[in-house]
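Visitor: Chains F and G are the protein sequences, given in the same order. Reading the first sequence from the start, the letters are residues 141 to 388 in our numbering. Reading the second sequence from the start, the letters are residues 667 to 889 in our numbering.
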Amino acid sequence: MSYIVNMQKLNKHFGQLHVLKDIDLQVTQGEVLVIIGASGSGKSTLIRCINGLEDFDAGQLEVDSFKLEPKGKSQQSLNSIRKEVGMVFQQFNLFPHLTVQRNIMLAPLKVRNKSTQDAAKLADKLLARVGIANQAHKHPEQLSGGQQQRVAIARALAMEPRLMLFDEPTSALDPEMVGEVLDVMRGLAKEGMTMLVVTHEMGFAREVADRVIYIHEGCIVEQGTPEEIFDNAQNERTQAFLSRVLSN
Amino acid sequence: MDNQFQFDWQAAYNSVPFLLKGLPYTLMISFGGLIVGFLLGILFGLLSLNKKWYLRWPATAYIEIFRGTPILVQVLFIFYGLPDLIGAPIDPVTAAIIAIAVNSGAYISEVVRGGVQSIAKGQQEAGVSLGLTKVQTFWYITWPQAFRRMIPPLGNQAIVSIKDTSLFSVIGVGELVRQGQVYIANTFTAFEVYFAVALIYLAITLSLSILLRIYEHRSQSAA
Ligand SMILES: Nc1ncnc2c1ncn2[C@@H]1O[C@H](COP(=O)(O)OP(=O)(O)OP(=O)(O)O)[C@@H](O)[C@H]1O
Ligand SMILES: [Mg+2]
Chain F
141 MSYIVNMQKL
151 NKHFGQLHVL
161 KDIDLQVTQG
171 EVLVIIGASG
181 SGKSTLIRCI
191 NGLEDFDAGQ
201 LEVDSFKLEP
211 KGKSQQSLNS
221 IRKEVGMVFQ
231 QFNLFPHLTV
241 QRNIMLAPLK
251 VRNKSTQDAA
261 KLADKLLARV
271 GIANQAHKHP
281 EQLSGGQQQR
291 VAIARALAME
301 PRLMLFDEPT
311 SALDPEMVGE
321 VLDVMRGLAK
331 EGMTMLVVTH
341 EMGFAREVAD
351 RVIYIHEGCI
361 VEQGTPEEIF
371 DNAQNERTQA
381 FLSRVLSN
Chain G
667 MDNQFQFDWQ
677 AAYNSVPFLL
687 KGLPYTLMIS
697 FGGLIVGFLL
707 GILFGLLSLN
717 KKWYLRWPAT
727 AYIEIFRGTP
737 ILVQVLFIFY
747 GLPDLIGAPI
757 DPVTAAIIAI
767 AVNSGAYISE
777 VVRGGVQSIA
787 KGQQEAGVSL
797 GLTKVQTFWY
807 ITWPQAFRRM
817 IPPLGNQAIV
827 SIKDTSLFSV
837 IGVGELVRQG
847 QVYIANTFTA
857 FEVYFAVALI
867 YLAITLSLSI
877 LLRIYEHRSQ
887 SAA
């Protein structure tokens with residue numbers, strides 16, 4: 141069995157703070173994984189290690205059969221990995237000086253060496269897919285938060301990634317815009333995209349996830365199907381966390 | 667009361683053609699120096715952001731030295747001191763251009779550094795996450811945004827440097843102030859002539875200010 145992400149005994153410190161402790165995590169092709177946990181538990185750090193936005197101190201990490209070394213000593217495989225792994229950020233991080241269409245075209249043009257025509261066609265196709273075909277020539281700031289996040293998803297998809305990472309993609313959105321972004325993600329999951337999603341949207345997790353992982357202070361405390369975690373958590377920390385988030 | 671001073675408009679007006687002979691020098695030194703200074707500023711500004719200490723330290727030293735010493739001392743050093751070192755004389759205009767270049771370069775380095783640092787880290791992260799190299803990320807994402815923010819302080823530096831060229835009369839460059847001094851030596855109309863000199867500087871710096879305002883206004887409504 142080959143995994144698209146294979147993490148073994150991954151450890152990471154920020155100075156004195158031990159943020160990831162012996163993390164073992166295997167993700168198979170097509171799997172949708174939702175990561176939950178309290179603020180500061182290490183969720184972002186965990187998924188940011190996968191595309192090398194954070195380096196790690198010890199352990200093994202293979203992404204799409206490229207091996208990453210501890211302490212950021214693998215620039216070569218890092219670049220290869222990043223071409224195959226898309227990332228969506230809480231704050232969208234769209235490029236404000238480029239139009240929506242150009243935001244999406246940039247990586248296909250510069251990394252995949254596509255022609256301007258092909259890249260523009262691809263951008264328009266993806267914009268249609270995320271439901272904002274008519275906004276191509278606007279600048280990001282002219283769009284609503286939900287639209288911006290959908291552009292960010294389209295931008296990541298333009299590289300035809302084999303894996304998508306989402307770090308709280310709806311946390312910065314007004315409540316009425318959360319649904320439109322989750323809809324796009326739901327669609328991706330249905331089409332078989334491998335996804336790692338950090339989110340506080342428990343309804344989404346229950347509906348879309350193949351597996352839910354609960355992280356507490358840098359450790360994977362419990363994992364299982366949504367039913368196992370949400371209806372029948374074994375660990376009392378998981379139970380406490382869930383009762384806190386589900387009650388409000 | 668024999669101190670009944672009367673401003674002589676005619677004298678001021680008459681001096682202008684002679685003064686304007688200095689204008690090409692003022693402009694050439696300002697803009698020649700600023701263009702080189704801009705290149706130095708990009709180079710040392712980016713070096714000062716580098717993680718490697720052996721690149722960062724020399725850049726920081728350059729910035730601190732040329733920001734921390736008067737430009738008048740710098741130009742005297744270049745014009746009178748440097749020839750001893752290189753064994754050949756330097757003509758005044760060249761010395762003046764070098765002085766503006768190294769001096770404005772130090773300030774522009776700080777402008778570049780500040781501009782690049784002001785771009786949110788998430789922009790770089792988004793770039794490299796898409797598979798762009800660090801250089802591509804800088805060139806297509808960070809730099810264009812940083813440059814926009816650098817325009818006002820760059821304009822400010824240009825105005826400072828244009829005015830700084832007035833100091834180069836001390837090494838005999840025939841720029842605006844020098845022309846004024848020569849004219850006054852023959853006509854004894856200091857007040858009127860310096861008034862005319864000041865107006866010419868003001869005309870240059872105001873034109874630049876207006877251009878910058880227009881640019882800012884445009885880029886704001888475009889973005
Ligand atoms: N660059 C950094 N330098 C130092 N400490 C950091 C850094 N990034 C994160 N941390 C710390 O590491 C811990 C884990 O952070 P992380 O962002 O992974 O948590 P999280 O689970 O994503 O939290 P949240 O739900 O608030 O996003 C936190 O205590 C955080 O303060
Ligand atoms: Mg986080």
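For each residue, glycine too, the CB sits at the ideal point set by N, CA and C.
Could you spell out the range, first to last residue, of the beta strand (DSSP E) harbouring L157 of chain F?
Guide: Residues L157 to V167.
Visitor: Do Q184 of chain F and ligand 2 come close, with the Cβ less than 8 Å from some heavy atom?
Guide: In the sequence on display, residue 184 of chain F carries Ser and not Gln. Yes, Cβ of S184 of chain F sits closer than 8 Å to a heavy atom of ligand 2.
Visitor: Is G379 of chain F close to ligand 2? I mean its beta-carbon at under 8 Å from any heavy atom of the ligand.
Guide: According to the sequence displayed, residue 379 of chain F carries Gln and not Gly. No; taking the cut-off as 8 Å, the Cβ of Q379 of chain F has no heavy atom of ligand 2 nearer than that.
Visitor: Residues in its own chain within less than 6 Å of G838 of chain G by CB, not counting five upstream and five downstream?
Guide: P758, listed in sequence order.
Visitor: I need the DSSP call for L798 of chain G, collapsed to helix, strand or coil.
Guide: Here L798 of chain G sits in coil by DSSP.
Visitor: Can you tell me the Cβ-Cβ gap for L820 of chain G and R779 of chain G, rounded? I've got them flagged as a contact below 8 Å.
Guide: 13 Å between Cβ atoms; not a contact.
Visitor: Give the secondary structure of D323 of chain F by DSSP, where H, G and I count as helix, E and B as strand, and everything else as coil.
Guide: Three-state DSSP puts D323 of chain F in a helix.
Visitor: Hey, quick one: how far does the beta strand (DSSP E) through A198 of chain F stretch, first residue to last?
Guide: Residues A198 to V203.
Visitor: Can you name the residues of chain B whose CB is closer than 9 Å to the CB of I817 of chain G?
Guide: The structure shown contains no chain B; its protein chains are F and G.
Visitor: For a contact meaning CB atoms closer than 7 Å, what does V794 of chain G contact in chain F?
Guide: Correct list: R222.
Visitor: From G:I825, G:A864 and G:S696, pick the residue whose C-alpha is nearest to that of S875 of chain G; which is it?
Guide: When each option's Cα is compared against that of S875 of chain G, the closest is G:I825.
Visitor: So, under 8 Å CB-CB, G182 of chain F and A296 of chain F are touching, yes? Tell me the CB distance rounded to an integer number of Å.
Guide: Between A296 of chain F and G182 of chain F the Cβ distance is about 23 Å, and since that is not below 8 Å, they are no contact.
Visitor: Taking only heavy atoms of ligand 1 into account, decide whether any of them is closer than 8 Å to the Cβ of G180 of chain F.
Guide: Within the cutoff, so yes.
Visitor: Are three or more beta carbon pairs between the stretch 324-334 of chain F and the stretch 300-309 of chain F nearer than 8 Å?
Guide: These segments touch.
Visitor: Quick check: the Cα distance between V782 of chain G and G703 of chain G, rounded to an integer number of angstroms?
Guide: Rounded to whole angstroms, V782 of chain G to G703 of chain G spans 18 Å at the Cα level.
Visitor: State buried or exposed for L705 of chain G, treating a residue as buried only when at least 16 other CB atoms are found within 10 Å of its CB.
Guide: So L705 of chain G ends up on the exposed side.
Visitor: Counting only runs that start and end within the stretch 331-368 of chain F, where is the alpha helix (DSSP H) found for 4 or more residues in a row?
Guide: Counting only runs of 4 or more, we get 342-348.
Visitor: Could you say if the stretch 152-172 of chain F and the stretch 352-371 of chain F meet the contact criterion of at least three C-beta pairs nearer than 8 Å?
Guide: They touch, by the three-pair rule.
Visitor: According to DSSP, is Q216 of chain F part of a helix, a strand, or is it coil?
Guide: It is helical.
Visitor: Name the chain G residues that come within less than 9 Å of N253 of chain F, Cβ to Cβ?
Guide: Under the 9 Å cutoff, chain G gives no residues; its nearest Cβ is about 12 Å from N253 of chain F.
Visitor: Flag F229 of chain F as yes if its beta-carbon sits less than 9 Å from any beta-carbon of chain G, otherwise no.
Guide: Chain G contact via Cβ: present.
Visitor: Can you tell me whether H153 of chain F is helix, strand or coil according to DSSP?
Guide: If DSSP states are grouped into helix, strand and coil, H153 of chain F belongs with the strands.
Visitor: Assign T310 of chain F to one of two classes, buried (16 or more other C-beta atoms within 10 Å of its C-beta) or exposed (fewer than that).
Guide: Classification for T310 of chain F: buried.
Visitor: Just verifying my parser: in three-state terms, what is the DSSP assignment at F745 of chain G?
Guide: Here F745 of chain G sits in helix by DSSP.
Visitor: Below 8 Å, how does it come out for the stretch 856-870 of chain G and the stretch 789-796 of chain G: are there three or more Cβ pairs, yes or no?
Guide: Taking 8 Å as the limit for Cβ pairs, the verdict is that the stretch 789-796 of chain G does not touch the stretch 856-870 of chain G.
Visitor: Between C189 of chain F and the rest of its own chain, which residues show a CB-CB distance below 6 Å, the 5 nearest in sequence each way excluded?
Guide: The residues are F196.
Visitor: Give me the residue from F:K250, F:P280, F:G177 and F:R252 with the minimum Cα distance to L238 of chain F.
Guide: The shortest C-alpha separation from L238 of chain F is found at F:P280.
Visitor: Beta carbon of I737 of chain G, beta carbon of A761 of chain G: below 9 Å?
Guide: No, they are not a contact pair.
Visitor: What does K250 of chain F touch in chain G if you count any residue whose Cβ is under 7 Å from its own?
Guide: Here the neighbours are L798, Q802 and Y806.
Visitor: From F370 of chain F to A263 of chain F, what does the alpha carbon distance come to, in whole angstroms?
Guide: Answer to the nearest angstrom: the Cα atoms are 38 Å apart.
Visitor: Does the distance between the C-beta of E103 of chain F and the nearest non-hydrogen atom of ligand 2 fall short of 8 Å?
Guide: This structure leaves residue 103 of chain F out entirely; chain F is present only between 141 and 388.
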